[in-house]
Amino acid sequence: MAAQVELTQDERNAQKNYWLEHSSQPTVEAMMLDSKAAEIDQLERPEVLATLGDVSGKRVLELGAGIGRFTGELAKQAKHVVACDFMEVSIAENRRQHEALGNVSFMVADVTELEQEAGSYDVVFSNWLLMYLSDAEVKALAAKVLRWLAPGGVLFFRESCFRPSGDRPRKGNPTHYRNPRDYFAMFDGAELVTGGGASSSHLELFCCKCVDTYVTVKRNQNQICWKFHKVETPRPRQPLHRTFLDTHQYSDASIALYEAVYGRGFVSPGGQQLSARLLDGLQLQPASRLLDVGCGIGGNAFLAADTYGCHVHGIDLSVNMILVAIERAAAAIASSRSSSSGGAAAAANGAANGTAANGSCAEANGSSSSSSAGVLSPRQQQQMPHDVTFEVADVLTRDFDQGSFDVCVSRDALLHVQEKQALFSRLFRWLKPGGKLLITDYCQPSAPGFSPSPGFASYIAKHRYSLLSLECYSRQLAAAGFAEVQAEDCTAELISSLEAELAGLQANKEKFTAKFSAAEYESVTSRWQEKLARAQAGEQRWGKLTAVKPQQ
């Protein structure tokens with residue numbers, strides 16, 4: 085216990101000394117540790133607040149409030165804001181700017197020692213705070229925040245992951261540039277037992293996403309924000325659907341197996357070759373904005389962005405898959421920046437070949453330079469690869485502004501969605517007039533009264549799939565308002581892909597077995613043979629659907 089106290093004190097001393105050095109001038113540049121802070125702030129602050137959402141009439145606790153970059157904006161809507169920071173000079177500047185608002189209280193305190201009344205806040209907000217706390221301190225704070233929040237309350241935080249993003253030189257840097265997986269582990273694990281042990285409160289994820297501004301101006305996917313809601317459920321806690329996905333079909337081991345069959349970056353039939361052909365029919369332009377629903381580990385998103393120069397926003401419910409995509413984007417961009425020639429091609433090749441793990445780990449040690457963190461000019465932005473943002477969210481609860489996208493693509497992912505009609509209505513609203521929709525998915529036959537064989541039924545149940553016939557898909561798209569709905573049975577192409585994938589497995593048996601195991605080889609081969617047999621029998625079908633949102 086004494087050793088733990090000593091470690092905590094060392095951590096706090098290191099952080100305090102760090103910020104004494106960097107807060108001598110209470111400016112945005114000092115707080116953001118970036119020479120282009122004012123320029124970035126103009127774009128980033130509205131985006132972060134939009135992701136947080138409406139705080140009208142809410143009681144807000146702002147942790148790590150600093151000089152008040154967000155305090156004033158929060159106070160414009162909130163019932164009351166408590167702005168807390170451990171640097172007295174920062175709170176003094178915050179008070180100077182915002183005390184006249186009348187609904188802001190100011191507190192000089194270290195969050196590791198802070199105590200507040202249970203249920204006293206509707207929103208707890210922080211921006212760049214947790215990376216200045218140790219793992220133990222973050223876990224302790226997660227438990228306290230859960231107690232401080234009222235039922236249904238919101239926790240929002242934003243952190244720098246993997247490496248620094250600012251370009252200001254730093255003599256020493258005690259910042260913890262964590263892998264986003266670490267934050268999920270710490271906050272998913274927070275639980276407050278209630279109701280005499282019959283129930284408990286926990287934090288349920290609403291979304292986790294890249295800060296788009298940093299992707300646009302720096303091609304940096306490492307600025308990430310989380311939004312959780314406090315919910316109460318009976319004990320024992322039932323696993324979330326995203327937990328089911330990440331511990332079964334999309335575990336790290338399963339993702340590696342899929343890639344060994346489909347190719348790097350892909351977890352669905354046809355891999356890069358089919359994706360390239362499908363994207364080619366969408367007439368994407370550099371100004372296009374594409375939404376990739378069920379984007380997986382990002383292969384399709386990277387391909388679209390790098391081939392056509394368009395912006396892609398990928399959304400998926402699987403934490404594991406989104407984090408693989410973010411890790412690979414980070415490594416590819418780092419590779420592109422450091423390459424003396426052929427940067428964009430090298431970066432794209434790095435992402436395709438899975439060099440991200442080594443790249444992101446090398447960056448995570450906190451080294452940075454102005455050349456790797458500076459704001460890109462518009463011309464540089466066009467030349468850099470991977471104009472892609474990612475988020476973990478349930479597409480049925482996440483929302484986007486009407487007319488946000490020119491194109492929506494979903495590759496073999498909607499089989500995980502039960503309420504497809506509700507989803508199609510949302511996709512329709514998010515598309516601009518004239519916007520295009522492309523879906524590929526596993527389907528069931530259209531025969532009236534179709535009943536799956538025991539093997540197919542077991543397969544569907546095991547993965548918790550929800551399959552429609554192509555005709556049902558078409559009807560639901562039309563009911564959502566889409567026009568020019570075209571459905572194509574591509575089962576023959578699925579059969580060809582399965583046969584090619586099986587042939588590839590057999591040709592590379594020794595290599596596959598060495599990387600995984602003989603048992604995994606037999607398991608994957610057997611699964612592919614069963615899928616091929618179902619497709620050849622006409623039971624498991626594969627379809628492509630396209631549609632357009634009418635101009636009026």
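Note that this note's numbering has the sequence shown beginning at 85, numbered continuously upward.
C-beta: ideal position from N, C-alpha, C; glycine also.
DSSP state of residue i mapped onto helix, strand, coil
i	result
SER553	coil
ALA631	strand
ARG348	coil
LEU213	coil
GLU572	strand
GLN99	helix
PHE271	helix
ARG482	coil
ILE151	coil
VAL491	strand
LEU287	strand
GLN638	A query on residue 638 cannot be resolved here, the shown segment of the chain reaching from 85 to 636 and no further.
VAL139	coil
TYR392	helix
VAL295	coil
ASP471	coil
LYS504	helix
VAL195	coil
GLN636	coil
LEU639	Missing from the structure shown is residue 639; the chain here goes from 85 to 636 and no further.
PHE312	strand
Straight-line Cα distance separating residue j from residue i
i	j	result
VAL632	ALA477	25 Å
LEU521	GLU594	41 Å
ARG180	PHE170	17 Å
VAL408	SER285	29 Å
GLU447	PRO370	Its pLDDT being 31, under 50, GLU447 is placed unreliably in this model, and the coordinates cannot settle the point.
TYR267	MET191	26 Å
ILE406	ALA184	43 Å
THR196	GLY273	18 Å
GLU585	ALA234	52 Å
GLY383	GLN356	7 Å
GLU555	VAL569	11 Å
ARG412	VAL377	19 Å
ARG303	VAL277	42 Å
TYR261	GLU243	8 Å
VAL345	ALA602	15 Å
ASP118	VAL112	8 Å
ALA176	HIS182	10 Å
GLN75	GLY539	Lying before the first or after the last residue shown, residue 75 is absent from the chain, which here runs from 85 to 636.
SER452	VAL608	Reliability of the predicted coordinates at SER452 is poor, the pLDDT of 35 falling under 50, and the value obtained from them is presented with this limitation in mind. Rounded to whole angstroms, SER452 to VAL608 spans 42 Å at the Cα level.
ARG513	ALA389	23 Å
ALA564	ARG495	19 Å
LEU289	GLY236	12 Å
GLU199	CYS245	27 Å
SER140	VAL165	11 Å
VAL144	ALA202	14 Å
SER174	PHE312	27 Å
LEU366	ALA385	14 Å
TYR605	PHE596	7 Å
GLU221	THR391	44 Å
TRP310	GLN620	44 Å
LEU511	GLY627	19 Å
Chain-order list of residues whose beta-carbon lies under 6 Å from that of residue i (same chain, five-residue window excluded)
i	result
ALA98	PRO258
LYS160	none
VAL229	VAL208 and LEU239
ASP219	none
Residue i Cβ short of 7 Å to the ligand MG heavy atom set
i	result
ALA360	With respect to the ligand MG, the structure shown offers nothing to examine, as it has no ligands at all.
Boundaries of the beta strand (DSSP E) in which residue i is found, first to last residue
i	result
THR259	Neither: THR259 is in no beta strand (DSSP E) and is coded neither H nor E.
GLY539	Run containing GLY539: none in the beta strand (DSSP E); it sits in the alpha helix (DSSP H), 538 to 547.
THR111	First-last for THR111: undefined, no H or E at that position.
ALA234	233 to 244
SER607	It is not in any beta strand (DSSP E) - SER607 instead sits in the alpha helix (DSSP H) that spans 602 to 620.
Own chain residues within Cβ distance below 7 Å of residue i, not counting five before or after
i	result
SER537	GLU623
ARG96	ASP194 and THR196
ASN404	ASP330, TYR334, SER335, ASP336 and ILE339
LYS142	ALA162, LYS163, ASP206 and VAL207
Residue i, enclosing alpha helix (DSSP H) - first and last residue
i	result
ALA360	355 to 364
ASP400	Unbroken run through ASP400 is the beta strand (DSSP E), 395 to 400; no alpha helix (DSSP H).
LYS599	593 to 599
LEU498	It is not in any alpha helix (DSSP H) - LEU498 carries neither H nor E in the DSSP assignment.
ILE77	Residue 77 is absent from the structure shown; the chain starts at 85 and stops at 636.
Sufficient close CB pairs (3 or more, under 8 Å) joining the segment 549 to 557 to the segment 522 to 529:
The segment 549 to 557 vs the segment 522 to 529: in contact.
Answer yes if the segment 371 to 380 comes into contact with the segment 476 to 493, meaning at least three C-beta pairs across the two stretches below 8 Å, and no otherwise.
Cβ pair count under 8 Å is three or more, so yes.
Hey, is the segment 310 to 320 in contact with the segment 573 to 592, meaning 3+ C-beta pairs nearer than 8 Å?
no
Any contact between the segment 291 to 300 and the segment 119 to 131? By contact I mean 3 or more CB pairs, one from each, below 8 Å.
yes
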